[in-house]
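Novice: Residue numbers for the sequence shown follow this note's numbering, beginning at 6 and rising by one. C-beta atoms are modelled at their ideal positions from N, C-alpha and C, and glycine is treated no differently. Got a structure for you, questions after.
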Amino acid sequence: MLVEDSPQDTADAVPAFLGHLARADARKHELGSHEVVVVLQGPHGYISPTWYEETPHVPTWNFTVLHVHGRPEVLGPADTYDVLSATVDHFEDRFPQPWRLARVEAYAHRIAVAVAVTGFRLPATTVTAKAKLSQDEREEVVLRLAEALETGRPYAGPELARAMRDIRRKP
């Protein structure tokens with residue numbers, strides 16, 4: 006999902022998210038006819054008790070997540086194509102020579118937009134964020150866990166390690 010650019014960047018501006026899903030799923034779930042909850046998973050991963058280097062500890066799972074509530078608006082073909090194109094751009098921009106949906110525009114309209122995909126805009130009525138990042142542990146323990154996630158051991162999770170370090174820096 007993408008966050009819609011908002012002309013009004015104020016504290017009380019309501020965020021809206023843009024996305025797409027298979028048309029069959031949109032029909033099955035009656036997209037647009039009732040409120041939905043979209044779960045956006047951030048960095049997450051397994052934390053081994055062996056990484057604490059002290060006992061007692063048990064295995065746990067650290068995570069970040071965002072729950073977005075709202076009533077989606079089903080988009081027409083032109084807006085759905087724009088959402089697909091923006092989504093492709095978001096992921097392709099990391100490549101030195103990014104691929105663009107415009108290269109297959111006619112095909113994308115004929116197959117994806119006309120038959121297979123439903124685009125939507127989700128104005129958020131409620132957004133709830135949650136992070137379980139070992140905040141209850143001492144600083145040196147969190148740093149040890151983050152290091153274990155960064156060193157490529159089984160269950161490496163550099164993004165999760167970064168989130169664990171970053172949350173310690175926040176006031």
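Under the rule that 16 or more other beta-carbon atoms within 10 Å means buried, what is Y86, buried or exposed?
Specialist: Buried, because 16 or more other Cβ atoms sit within 10 Å of the Cβ of Y86.
Novice: Quick check on L71: does DSSP put it in helix, strand or coil?
Specialist: Looking at L71 - three-state DSSP - the assignment turns out to be strand.
Novice: For R28, I'd like the list of residues in its chain whose CB is within less than 8 Å of its CB, leaving aside the five on either flank, ordered along the chain.
Specialist: Excluding residues within five positions, the ones whose Cβ falls inside 8 Å are V120, A121, V122, T123.
Novice: In or out: I52 buried (at least 16 other Cβ within 10 Å) or exposed?
Specialist: Counting Cβ neighbours within 10 Å, I52 comes out buried, since at least 16 surround it.
Novice: Taking all protein chains shown into account, decide if H25 is buried (16 or more other Cβ within 10 angstroms of its Cβ) or exposed.
Specialist: Answer is buried; the Cβ neighbour count reaches 16.
Novice: Can you list, in chain order, the residues of its chain whose CB lies under 8 Å from that of H62, leaving out five sequence neighbours each side?
Specialist: Excluding sequence neighbours, H62 sits near P54.
Novice: Rank L36, H39, T65, G37 by C-alpha distance to the C-alpha of H49 and give the top, closest one.
Specialist: Considering only alpha carbons, the answer is T65.
Novice: For the candidate residues F100, S90, P101, whose alpha-carbon lies nearest to that of R108?
Specialist: R108 has its Cα closest to that of S90, out of F100, S90, P101.
Novice: Should V88 go down as buried or exposed, given a rule of 16 or more other Cβ atoms within 10 Å for buried?
Specialist: It is buried - the Cβ of V88 has at least 16 other Cβ atoms within 10 Å.
Novice: Just to confirm my understanding: we take M6, look at its own chain, exclude 5 residues before and 5 after, and list those with CB closer than 6 Å. What are they?
Specialist: Excluding sequence neighbours, M6 sits near F22, G24.
Novice: What residue does the beta strand (DSSP E) around P82 start on, and which one ends it?
Specialist: Where P82 is concerned, there is no enclosing beta strand (DSSP E), although the alpha helix (DSSP H) it sits in stretches over 82-97.
Novice: For G162, count neighbouring Cβ atoms within 10 angstroms of its own Cβ and tell me buried if that reaches 16, exposed if not.
Specialist: It counts as buried.
Novice: Do you know whose CA, among V43, R170, D94, lies nearest E145's CA?
Specialist: Closest option to E145, Cα to Cα, is R170.
Novice: Measuring only the C-alpha atoms, how far is R115 from L36?
Specialist: The straight-line gap from Cα to Cα measures roughly 22 Å.
Novice: Using the Cβ count rule (16 or more neighbours within 10 Å means buried), how would you classify T69?
Specialist: So T69 ends up on the buried side.
Novice: With burial defined as no fewer than 16 other Cβ atoms inside 10 Å of the residue's Cβ, what is the status of A134: buried or exposed?
Specialist: Looking at its Cβ environment, which holds fewer than 16 other Cβ atoms inside 10 Å, A134 is exposed.
Novice: Report, in whole angstroms, the separation of the C-beta atoms of P20 and A129, which I expect to be a contact under 8 Å.
Specialist: Contact holds; Cβ gap of about 5 Å.
Novice: Among the residues of its own chain, which have a CB less than 8 Å from the CB of V42, if the five just before and after it don't count?
Specialist: So the qualifying residues of the chain are H72, V73, H74.
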